[in-house]
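J.: Per my numbering, the very first residue in the sequence shown carries number 42; after that it's consecutive. All residues carry an ideal CB built from backbone N, CA and C; glycine is no exception. Note that the structure is a prediction, hence the values are computed from the model and not measured. Pasting in a structure now, in structure tokens, and then I'll have a few things to ask.
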Amino acid sequence: MRTTYLSRVESDYFSRKWYSRSVTLFCNLLYTGKWMRKTQIVRCLVVEISEGGATVRVGKSLIPDHAYLVFGRFDVVVGSIVVQRDPGHLHLCFVKQLEPDFVNRLARMNSPFSTLESLNPKTI
């Protein structure tokens with residue numbers, strides 16, 4: 042079996058190098074349609090996050106294996122790979138890991154809607 046960059050990213054996700062924080066934060070998933078034709082944005086609820094990945098709750102949308110998790114009004118856009126699909130949930134592995142300070146600040150946010158607004162030092 043030939044390993045690729047994406048299979049290495051996926052194996053990093055399942056090795057659980059990072060501590061997951063339980064959160065309730067609304068964000069958006071951005072992805073392109075077939076043949077990069079149409080960009081779509083779907084609202085999701087992040088229920089768990091770490092430096093290396095996140096678990097998000099989504100509706101009936103057909104999310105492809107590659108998507109971007111968007112925090113704020115495109116303040117932070119994180120490339121993600123879907124590594125596992127459960128009914129109503131997607132387990133995402135980030136292509137580039139997040140800073141621990143940023144993840145800790147996200148975990149301390151009070152309002153689940155604050156991640157939909159513009160992220161500035163006051164909100165995060």
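Hey, which unbroken runs of the beta strand (DSSP E) at 3 residues or more fall wholly within the stretch 71-98?
T.: Those beta strand (DSSP E) runs which fall completely within the stretch 71-98 and span 3+ residues are 80-90 and 94-98.
J.: Quick one: Cα of LEU147 to Cα of LEU103, how far?
T.: Locating residue 147 in the sequence shown gives position 106, counting from the first residue. Locating residue 103 in the sequence shown gives position 62, counting from the first residue. Their Cα atoms are separated by approximately 26 angstroms.
J.: So VAL124 and VAL118 are supposed to be a Cβ contact under 8 angstroms. How far apart are they, rounded?
T.: Position 83 of the sequence shown, counting from 1, holds the residue named residue 124. Position 77 of the sequence shown, counting from 1, holds the residue named residue 118. No, VAL124 and VAL118 are not in contact; Cβ-Cβ is about 19 angstroms, not under 8 angstroms.
J.: Consult DSSP for PHE143 and reduce its assignment to one of helix, strand or coil.
T.: Here residue 143 refers to the residue found at position 102 when the sequence shown is read from its first residue. If DSSP states are grouped into helix, strand and coil, PHE143 belongs with the helices.
J.: Taking DSSP's pairing of strands, which residues face ARG62 in a bridge?
T.: Translated into the one-based positions of the sequence shown, residue 62 becomes position 21. ILE90.
J.: Going by the CB atoms, is the gap between ILE82 and ASN69 shorter than 8 angstroms?
T.: Translated into the one-based positions of the sequence shown, residue 69 becomes position 28. Translated into the one-based positions of the sequence shown, residue 82 becomes position 41. Yes, Cβ-Cβ distance for ASN69 and ILE82 is below 8 angstroms.
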